[in-house]
Amino acid sequence: MHERAVQVAAQHKRRTRPERRLSTVQMTDVEPEKAGEVREQEADTVPLLSGTEVRDPYYQELVALRASLVEAGPRRYADKIRAVEEQMKDRAVQLQRDSERAAAARERVRDALLEQYPFLPKELHGIPLEDLPLRDDDEFVDAEQEHARLAAEPVRSAVTLRAAEDRMRARAEKVADVAAATEEALRERLPFVEVGNGAAAQHGAGVVAGVRGAAGAAGGAGQGPGGGEGAGGAAAGEGHGGPGQAAGPTTRRRRRSATR
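Throughout the sequence shown, residue numbering follows the UniProt record's numbering, covering 1 to 260 in sequence.
As structure tokens, then:
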């Protein structure tokens, strides 16, 4: 019986065509180039905020990491590239939300100032009223307190009240003069940096906010890369032979504190 089994197996082997034996090979074990598979090349697109140049340092790190992964091998690191792109999209959304919150906070500050002091202009030397450091100026604060005292008197003197308003307005103009001169000096020293004229409204850490600090009162616009609603920690490449790994915001802060 054993000899008969050997003969049957030999006959079956001779009758089986090579094509049928090859059909048992898993095509997934064959490299795409050898299998003749043609894959559509992925578009080299980077998710950006529409119409906005994103200057956020963490976002730029993700851009650099994605570029390195694409250069190292778009097929080999396709999963990691997609993971980085998702983090870029999340970060862009976070920055947009921070910018909207900052704009809303600035508008609330401006409306409150104009409601309290309708005699002050909305802007001086092109600088919005809410961006001027009026609360840090002792003379303006003194004039403000004097105006509040006069306005609270039972019998108001229109002349003295108007004089206090003129004093506040004049001091605000002085503060605006200093701020405008400082901004101009910064433009001359740092021509490659956007200063003033809306620079303070730019979102993300690392963006130069000019000499005006009022925008920092707005939500998360002035926070570091990890201060908002999560752009994620480390980017894809987790040390498994990948070209690199984007340091998370917390890691970067620790590194900076260690070097001080």
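Heads up, the beta-carbon is just placed ideally off N, CA and C, and yes, glycines get one too.
Predicted model, so just to flag it, every value in this text is computed and none were measured.
For residue i, the first and last residue of its enclosing alpha helix (DSSP H)
i, result
"residue 327", "No information on residue 327 is available, as it lies outside the stretch 1 to 260 that the chain covers here."
"Lys-80", "78-116"
"Leu-65", "57-72"
"Val-141", "138-152"
Burial state of residue i (16 or more Cβ within 10 Å)
i, result
"Pro-128", "buried"
"Asp-98", "buried"
"residue 294", "As shown, the chain starts at 1 and ends at 260. That puts residue 294 outside it, with no answer to give."
"Asp-79", "exposed"
"Arg-171", "buried"
"Glu-61", "buried"
"Leu-65", "buried"
"Asp-111", "exposed"
"Pro-118", "exposed"
"Leu-190", "exposed"
CA-to-CA distance, residue j to residue i, given in whole angstroms
i, j, result
"Lys-89", "Arg-108", "29 Å"
"Ile-81", "Arg-91", "15 Å"
"Glu-144", "Thr-182", "24 Å"
"Asp-138", "Met-168", "11 Å"
"Ala-236", "Gln-96", "Low confidence applies here, because Ala-236 scores a pLDDT of 45, under 50, leaving its location unreliable and the question unanswered by this model."
"Gly-126", "Glu-184", "12 Å"
"Thr-160", "Glu-153", "11 Å"
"Val-93", "Gln-87", "10 Å"
"Val-141", "Ala-163", "15 Å"
"Gln-26", "Arg-75", "The pLDDT assigned to Gln-26 is 42, lower than 50, so where the model puts this residue is not dependable, and the model offers no usable value."
"Ala-103", "Asp-131", "12 Å"
"Gly-73", "Asp-177", "55 Å"
"Lys-122", "Gln-116", "12 Å"
"Arg-187", "Val-63", "28 Å"
"Arg-156", "Leu-120", "20 Å"
"Leu-150", "Arg-135", "19 Å"
"Arg-106", "Glu-100", "10 Å"
"Asp-56", "Glu-146", "43 Å"
"Ala-180", "Ala-67", "40 Å"
"Ala-158", "Ala-148", "13 Å"
Presumed contact (8 Å Cβ cut-off) between residue i and residue j, rounded CB distance
i, j, result
"Leu-69", "Tyr-58", "At roughly 17 Å, the Cβ-Cβ gap does not stay under 8 Å, so Leu-69 and Tyr-58 are not in contact."
"Pro-133", "Val-175", "7 Å"
"Glu-173", "Leu-124", "6 Å"
Proximity test, residue i beta-carbon vs the ligand ZN heavy atom, cut-off 8 Å
i, result
"Tyr-59", "Because no ligand of any kind appears in the structure shown, any question about the ligand ZN cannot be addressed here."
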